[in-house]
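Quick notes on the structure that follows.
2 protein chains.
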Amino acid sequence: MIETVNIVEKFALIHEHWHPRVVGELNDAFVKLARLKGEFVWHHHEHEDEMFLVIKGRLLMRLREREVWVNEGEFIIIPRGVAHMPVAEDEVHVMLFEPKTTRNTGNVRDERTVDAEWL
Amino acid sequence: MIETVNIVEKFALIHEHWHPRVVGELNDAFVKLARLKGEFVWHHHEHEDEMFLVIKGRLLMRLREREVWVNEGEFIIIPRGVAHMPVAEDEVHVMLFEPKTTRNTGNVRDERTVDAEWL
Chain A
-8 MIETVNIVEK FALIHEHWHP RVVGELNDAF VKLARLKGEF VWHHHEHEDE
42 MFLVIKGRLL MRLREREVWV NEGEFIIIPR GVAHMPVAED EVHVMLFEPK
92 TTRNTGNVRD ERTVDAEWL
Chain B
-8 MIETVNIVEK FALIHEHWHP RVVGELNDAF VKLARLKGEF VWHHHEHEDE
42 MFLVIKGRLL MRLREREVWV NEGEFIIIPR GVAHMPVAED EVHVMLFEPK
92 TTRNTGNVRD ERTVDAEWL
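Keeping their order, the protein sequence lines are chains A and B.
Numbered per our numbering, the first sequence spans residues -8 to 110.
Numbered per our numbering, the second sequence spans residues -8 to 110.
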């Protein structure tokens, strides 16, 4: 069944931070939505490029050599192998595009590691 | 170089309709922006699922058996093989996610066929 997905309505169903929920799949990729707040963990993805599209708020993306602000209506693509640490001083809503194989914490496995789960 | 992409700023650089421009790449996919106005052509993509995220306006997606409105802030994923015809009564701004191999007119090649081109 081909259906539209309303991003704002989906976010209303998400209550946790740092727990991306799958809202679509195409080809080998998942579309995910996540609420972020606070600091995440330094990690990289060995084989996957990852896109962060900021739906609401603004995201600070720390890279090893510098940091980049990603404002509402902007996206950033983190190439495979690049260490990054997303930081949300205030709550941020992001849409993620990444291969289905992507683990949220990349090369790290800790208490923030969660499996991809459909909303 | 890892940079943010501002969607509104990019749209200001696009002047044609039905001519998607590449604004990002990740894994095997391109992120594209397109201004749509009027009717496109019936087509399908043999091997590629395609995602339309409506940034501005509202898009009518005609399918063989029915039609679906995709409003601002909503997306729709058209699975491979499914015939579709996007229609924009008023101008619509969309973000597209599709494999790099995707031809805009799918199985059809006509005067509206354009190659993927970076903005």
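Even for Gly, the Cβ is constructed at its ideal location relative to N, Cα and C.
Q) Within 9 Å (strictly less), CB to CB, does Asn62(A) reach chain B? A) As a working note, residue 62(A) is residue 71 in the first sequence. With respect to chain B, the C-beta atom of Asn62(A) has a partner C-beta closer than 9 Å.
**Q.** Span separating the alpha-carbon of Val78(B) from that of Glu56(A)
**A.** Translated into the one-based positions of the second sequence, residue 78(B) becomes position 87. Translated into the one-based positions of the first sequence, residue 56(A) becomes position 65. Linking Val78(B) to Glu56(A) through their CA atoms gives a straight-line distance of about 45 Å.
Q. Going straight from the alpha carbon of His84(B) to that of Val105(A), what length do you get?
A. Position 93 of the second sequence, counted from the first residue, corresponds to residue 84(B). Position 114 of the first sequence, counted from the first residue, corresponds to residue 105(A). Cα-Cα distance, rounded: 34 Å.
**Q.** Distance between beta carbons of Ala3(A) and Asn18(B), contact taken as under 8 Å
**A.** What you label residue 18(B) is simply residue 27 of the second sequence in a count that begins at 1. What you label residue 3(A) is simply residue 12 of the first sequence in a count that begins at 1. Not quite, the Cβ-Cβ distance comes to about 29 Å (not below 8 Å), so this is no contact.
Q.
Any beta carbon from chain B within less than 9 Å of Gly15(A)'s own beta carbon?
A. Position 24 of the first sequence, counted from the first residue, corresponds to residue 15(A). Put simply, the CB of Gly15(A) is near chain B, with a gap under 9 Å to one of its CB atoms.
(Q) Suppose contacts are defined by Cβ-Cβ distances below 9 Å. Is Ile67(B) in contact with Met86(B) by that definition? (A) Indexing the second sequence from 1 puts residue 67(B) at position 76. Indexing the second sequence from 1 puts residue 86(B) at position 95. No, the Cβ-Cβ distance between Ile67(B) and Met86(B) is not below 9 Å.
(Q) Quick check: Thr93(A) and Glu39(A), are their CB atoms within less than 9 Å of each other? (A) Residue numbering aside, residue 93(A) sits at position 102 when the first sequence is read from its first letter. Residue numbering aside, residue 39(A) sits at position 48 when the first sequence is read from its first letter. Result yes, Cβ atoms of Thr93(A) and Glu39(A) sit closer than 9 Å.
(Q) For the ligand PLP, is there any heavy atom lying closer than 8 Å to the beta carbon of Ala74(A)? (A) As presented, the structure is devoid of all ligands, the ligand PLP included, so that no description of it is given.
Q: Would you mind stating whether Val14(A) and Lys1(A) have Cβ atoms separated by less than 9 Å?
A: The count along the first sequence starts at 1 and reaches residue 14(A) at position 23. The count along the first sequence starts at 1 and reaches residue 1(A) at position 10. The answer is yes: Cβ separation under 9 Å.
Q: Let me know if Val22(B) comes out buried or exposed under the rule of 16 or more other beta-carbons within 10 Å of its beta-carbon.
A: Residue mapping note: residue 22(B) aligns to position 31 of the second sequence, counting from 1. When all chains shown are included, Val22(B) counts as buried.
(Q) Run through the DSSP bridge pairs and tell me what Ile68(A) is partnered with. (A) The count along the first sequence starts at 1 and reaches residue 68(A) at position 77. In the DSSP output, where bridge partners are listed per residue, Ile68(A) has Met42(A).
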